[in-house]
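Engineer: Starting off with a structure, shown below.
In our numbering, the protein residues as written are 59 to 390.
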């Protein structure tokens, strides 16, 4: 195993850099079992108009709970609404510890995404990440033979029990796969992302490293781009923050601090419950009718609402459904 690279974060700062932002789209609910397609469509369009690339069928969109028919419906709706504009979509395989690698199912999902005009991002599974580095890389190489472009994904087990953060040799191996044009890194720690940035800069500068660290969204200062669940709370403010950084505008720092406070609150333990926090926040903003989550997803207490309202007001956001009100549908 090779040694980790030397890290000097201050030398990595890139003021004035243009950030590529991608945002995982929340799937709003009309009630406890029904998807609110109108609210979802509006949020998809809102994200694109803000200048971010939407990512559908992600963890934020409950990919682990949906099933293939609903995944396909979301792909078809996305293709129809965006009319050729770029988007990212998750290729997911549901399995259990000890399962074999389901390469055919991955290939099928990646083909469906590409056919709809999207860029596949390969979610991890037990079958994909079991074994040695060479075995894992051979599976990615197998997937690469069936597509032109895809994204990798490293995911902390804090968010998904099937996730895995690879060693640096495996990451280097991904850089050598031509069809793998980038990867989302969600270890939720800075050091491994810094290490990946150094390796990327040295070995394949065109490789896109998307931070998935909702607890350190300022990684864009050091050369990461982002694909976040947190950005679905406020794609407008993330786009504004990115513009501030590109223009070397000092207002970047205060807005980033406010967004990071929201991220720290939303992604506290258990991290997977951030999707309910997102639904609560979108309802406060008037962007969702309810704060129900997809069945089977963990929830937060209603006592979070005054905190979220305070955070929203601190960022100058208009509150259309105040925390103290409870219109039809109520707070979940």
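From the three backbone atoms N, C-alpha and C, an ideal C-beta is built for every residue, glycine too.
The model shown is predicted, which means the values in this text are computed figures rather than measured ones.
1. Between which two residues does the alpha helix (DSSP H) holding residue 111 run?
2. State buried or exposed for residue 328, treating a residue as buried only when at least 16 other CB atoms are found within 10 Å of its CB.
3. Hey, out of 275, 204, 351, 376, whose CA is closest to residue 31's CA?
4. Can you tell me where the beta strand (DSSP E) with residue 147 in it begins and where it stops?
5. By alpha-carbon positions, which one of 296, 234, 262, 239 ends up nearest to residue 76?
6. Please return the same chain residues whose Cβ sits closer than 8 Å to the Cβ of residue 334, not counting the five positions on each side in sequence.
7. Would you tell me roughly how many angstroms separate the C-alpha atoms of residue 375 and residue 98, rounded to the nearest one?
8. Shortest alpha-carbon distance to residue 111 belongs to which of 213, 140, 225?
9. Quick one: grab the DSSP three-state call for residue 352.
10. If you draw a straight line from the C-alpha of residue 232 to the C-alpha of residue 78, how long is it?
11. Indicate the three-state DSSP secondary structure (helix, strand or coil) for residue 284 in the structure shown.
12. Secondary structure at residue 279, three-state DSSP: helix, strand or coil?
13. Measure the CB-CB distance between residue 113 and residue 267 and report whether it falls below 9 Å.
14. Spatial neighbours of residue 204 within its chain, please: CB distance less than 8 Å, with the 5 preceding and 5 following residues excluded, ordered by chain position.
15. Within its chain, find whatever has a CB closer than 8 Å to the CB of residue 255; leave out the 5 residues flanking it on each side and keep chain order.
16. Tell me whether residue 334 sits in a helix, a strand or coil according to DSSP, three-state version.
17. Suppose you measure from the CA of residue 288 to the CA of residue 321; what does that come to, to the nearest Å?
18. Can you tell me whether residue 147 is buried or exposed, with buried defined as 16 or more other CB within 10 angstroms of its CB?
19. Below 6 Å CB to CB, which residues in the same chain sit around residue 129 once its five sequence neighbours on both sides are set aside?
Structural biologist: On the basis of the coordinates in this document:
1. First-last for residue 111: 111-114, but that is the beta strand (DSSP E), not the alpha helix (DSSP H).
2. It counts as exposed.
3. The chain is shown only over 59 to 390; residue 31 falls outside these bounds and no answer can be derived.
4. Residue 147 -> beta strand (DSSP E) spans 146-149.
5. The shortest C-alpha separation from residue 76 is found at 296.
6. Cβ-Cβ distances below 8 Å link residue 334 to 349, 351, 355, 356, 357, 358, 390 in the same chain, with the five nearest sequence neighbours on each side left out; the list follows chain order.
7. Residue 375 and residue 98: Cα-Cα distance of roughly 20 Å.
8. When each option's Cα is compared against that of residue 111, the closest is 140.
9. Residue state, collapsed to three classes: coil.
10. Residue 232 and residue 78: Cα-Cα distance of roughly 20 Å.
11. Note: residue 284 maps to strand in three-state DSSP.
12. Helix.
13. No, these two residues do not count as a Cβ contact at 9 Å.
14. Take residue 204, set aside five residues on each side of it, and the residues of its chain with a beta-carbon closer than 8 Å to its own are 165, 168, 169, in chain order.
15. Answer for residue 255: 70, 267, 280, 281, 282, listed in chain order.
16. It is helical.
17. Their Cα atoms are separated by approximately 6 Å.
18. Residue 147 is buried by the Cβ-count criterion.
19. Within the same chain, Cβ atoms closer than 6 Å to the Cβ of residue 129 are found at 115, the five residues on either side in sequence being excluded.
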